[in-house]
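First the structure, in the form of structure tokens, and then the observations on it.
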């Protein structure tokens, strides 16, 4: 069984290694060498990054999900990012994995705020963000692209005790 950093009902996420290059290359619009270098650097300096997303049932690599330190218009942000292989889309895996990553960020890391940086025409990613409780905050420029910033804040514990009026 793999050592997972984050585990959900159906998925596990673990650090990427050089052996994952071919799997990452299946996400054909990503540069696998850049992804592996950047993730290794983020693991070393921040303790997190994008992780390999695997099915617990058979260990199949289904994509990437994790936390990425980003700078958006001069502001440091913590992004929950997800990329699922086409054959595994439409099964709720991105939503489930992103929820697990958000719980990890808010609980284990104590993050106050998480964003998703999404191209405005990416309806599937917007649906994942909205379904996981993120809300549209603003439009922004990111790496030369017009993007939408969706945000979630750490849940506050409910007050307990008697409320007198």
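Residue numbers (the working numbering): 38 to 202.
Think of the CB as a built atom: it goes at the ideal place given N, C-alpha and C, for glycine as much as any other residue.
Keep in mind it's a predicted model, so treat the numbers as computed, not measured.
Going by beta-carbon coordinates alone, are residue i and residue j separated by less than 8 angstroms?
{"i": "residue 99", "j": "residue 121", "result": "yes"}
{"i": "residue 47", "j": "residue 130", "result": "yes"}
{"i": "residue 159", "j": "residue 136", "result": "no"}
{"i": "residue 152", "j": "residue 187", "result": "yes"}
{"i": "residue 164", "j": "residue 176", "result": "no"}
Whose C-beta lies closer than 6 angstroms to the C-beta of residue i among residues of the same chain, with five residues either side of it excluded?
{"i": "residue 61", "result": "69, 72"}
{"i": "residue 162", "result": "155"}
{"i": "residue 43", "result": "50, 137, 138, 141"}
{"i": "residue 191", "result": "143, 149"}
Where residue i and residue j are concerned, what is the direct C-alpha to C-alpha distance, given to the nearest angstrom?
{"i": "residue 41", "j": "residue 104", "result": "14 angstroms"}
{"i": "residue 112", "j": "residue 80", "result": "21 angstroms"}
{"i": "residue 142", "j": "residue 109", "result": "19 angstroms"}
{"i": "residue 77", "j": "residue 53", "result": "8 angstroms"}
{"i": "residue 174", "j": "residue 183", "result": "14 angstroms"}
{"i": "residue 279", "j": "residue 82", "result": "No answer is possible for residue 279: it lies beyond the span of the chain, which begins at 38 and ends at 202."}
{"i": "residue 86", "j": "residue 94", "result": "24 angstroms"}
{"i": "residue 58", "j": "residue 65", "result": "11 angstroms"}
Around the Cβ of residue i, are there at least 16 other Cβ atoms within 10 angstroms (buried) or fewer (exposed)?
{"i": "residue 101", "result": "buried"}
{"i": "residue 91", "result": "buried"}
{"i": "residue 189", "result": "buried"}
{"i": "residue 97", "result": "exposed"}
{"i": "residue 116", "result": "buried"}
Going along the chain, which residues of its own chain have a beta-carbon closer than 8 angstroms to the beta-carbon of residue i, five neighbours each way excluded?
{"i": "residue 167", "result": "187"}
{"i": "residue 133", "result": "45, 46, 47, 48"}
CB-CB under 7 angstroms to residue i, same chain, minus the five flanking residues each way: which ones, in chain order?
{"i": "residue 124", "result": "none"}
{"i": "residue 194", "result": "none"}
**Report entry** Completely contained beta strand (DSSP E) runs for the stretch 71 to 117, where each covers 3 or more residues
**Finding:** 87 to 92, 98 to 109
Query raised in the report: At which residue ranges does the stretch 128 to 194 contain complete alpha helix (DSSP H) runs of 4 or more residues, listed in the order of the chain?
Result: 130 to 144, 160 to 168
Query - Within the stretch 41 to 76, ranges of the beta strand (DSSP E) (whole runs, at least 3 residues) - result: 48 to 52
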